[in-house]
Amino acid sequence: MRIAHFCDSHPGRPDGVIRSTEMQVRLLRAAGHQVDLYRPGPLLRPGVRSIPVPSRQVRVGLPFTPRPADIVHAQTTGPIGMTGFRAAAGWRVPLVVTWHTDLMAYADLFAEIPIGAAWCALRLDLGWSPREFGELTRPGRVRRLRLEALGRAMFARMTVAIAPSDKTAAGFAAFAPAAAIRVLPTPVTTAGPRLSRPRGDVVLAVGRGTAEKNPELLLQAFRRVLAARPAARLIMVGVRQQRRHLHRRITALGLGGHVEVHPPVPYEQVTAFYRAADVLAFTSTTDTQSLVLAEAEAAGLPVVVVDRGLTTRPGETGAGRFACDPTPDALATGLLRMLVDDGLRATTIRDGLAAASAYTPDVFVNRLLAIYELALSARRG
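Residue numbering for the sequence shown follows the UniProt record's numbering, starting at 1 and increasing by one per position.
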């Protein structure tokens, strides 16, 4: 089977989309399939040429002609992803789409979402009027309704829509999907050296420091943890944008000297941070899956989440992750419990390791291939 993967995230970008895509391609090739991966590359080299967006870790793919395939798998809905949509229609082959990003949650936070939505509408030939395009510029309900209209048009073209979590699959209802829906989380593997253990209780947060990740909740909760555990430390890894604002908030809350802020680092180094921490605090409510959670658990680090939609571990049917309400008091209480309650901590670590061990890359790729067979059968039928 020849499979064409289309992804707008470029190699080295610190997000789960490119890592998930690269893993899928490796697994499919190892299983004997021919896989073409189209993703942003350097401007002056062969492949999908792209240009960088100033001050953002984003590259925009330029037009290119993909090679025909038996099935198209779009990982994103940017310019490269839209090329996949159009290719599937032109080749008359199934279109499988993994919905990695909650566009609704990010629409009022990132300008590229409404801009990209306008581009998608043009590439899909939706025939929107100037007024309808203009609705994308109006934050709130008006923009949301226009994005829902775009989502319905996208889902109407899909053969199968893959959600990385049950939470994400439930959100598809807004798009009235005609496509088959399958939940398929990305598996994780861990490796890397163990860092020397720092003194005190270490709370780790991995991800951007921008508003959609809720860093203010994290800082407010940590201030309460620090009051109860004066030796506690907070380590934030993956912060590039909004660093100055974040440092100002750290100072204003009296947390200077207790918080470390690190930029994005290679995955191997993130694993080392997991193994040197005592608990992972996850304050985002906009993630569709978050590989960070599964990675931490695979490294033996307990996690506390504020998004109850992400409590189910990949492949798990048990009690799920430890969750609390998205308030500073509730999060602080949850973190403190995980730091001092040896029984809770041991159970959480055990369950996380068991789930990570059970949901292997082999399990994942077999389920992915079953989805492709479903898509091919639906197209033939």
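Even for Gly, the Cβ is constructed at its ideal location relative to N, Cα and C. Just so we're clear, the structure is a prediction, and the values are computed from it rather than from any experiment.
Contact between the stretch 199-211 and the stretch 135-151 is not established, with fewer than three Cβ pairs separated by less than 8 angstroms. Within a 10 Å sphere around the beta-carbon of Ala252 sit fewer than 16 other beta-carbons, which makes this residue exposed. Here the alpha carbons of Ala153 and Leu126 stand approximately 8 angstroms from one another.
Between the alpha carbons of His245 and Val261 lies a distance of about 12 angstroms. CA-CA distance, Ala149 to Phe175, rounds to 7 angstroms.
The DSSP-derived three-state label of Pro361 is helix. Under the 10 Å beta carbon count, Gln220 is surrounded by 16 or more other beta carbons and is classified as buried. Around the beta-carbon of Gln34, fewer than 16 other beta-carbon atoms lie within 10 Å, marking it exposed.
Scanning Gln75, His5, Phe133, Pro54 for the CA closest to the CA of Asp15 turns up Gln75.
Looking at the DSSP output, Gly61 sits in a beta bridge with Ser50. Under the DSSP assignment, Asp36 falls in the beta strand (DSSP E) whose first and last residues are 34-38.
Relative to Arg13, the option among Leu27, Gly32, Arg39 whose CA is nearest is Arg39. By the Cβ criterion, the stretch 340-359 is in contact with the stretch 286-299, since at least three pairs of Cβ atoms, one from each stretch, lie closer than 8 angstroms. Contact fails between the stretch 40-54 and the stretch 19-32, because fewer than three Cβ pairs, one in each stretch, are under 8 angstroms apart.
The three-state secondary structure of Ala163, taken from DSSP, is strand. Note that the C-beta distance between Val96 and Ile162 is below 8 angstroms. Judged by DSSP in its simplified three-state form, Ala176 adopts coil rather than helix or strand. Pairwise C-beta distances place the stretch 42-62 out of contact with the stretch 326-333, as fewer than three of them are shorter than 8 angstroms. Closest in C-alpha terms to Pro114, from the list Ala170, Glu135, Pro79, comes Glu135. A contact between stretches requires three or more CB pairs, one per stretch, nearer than 8 angstroms, and the stretch 308-317 fails this requirement with the stretch 332-344. Note that the C-beta distance between Val237 and Phe282 is not below 8 angstroms.
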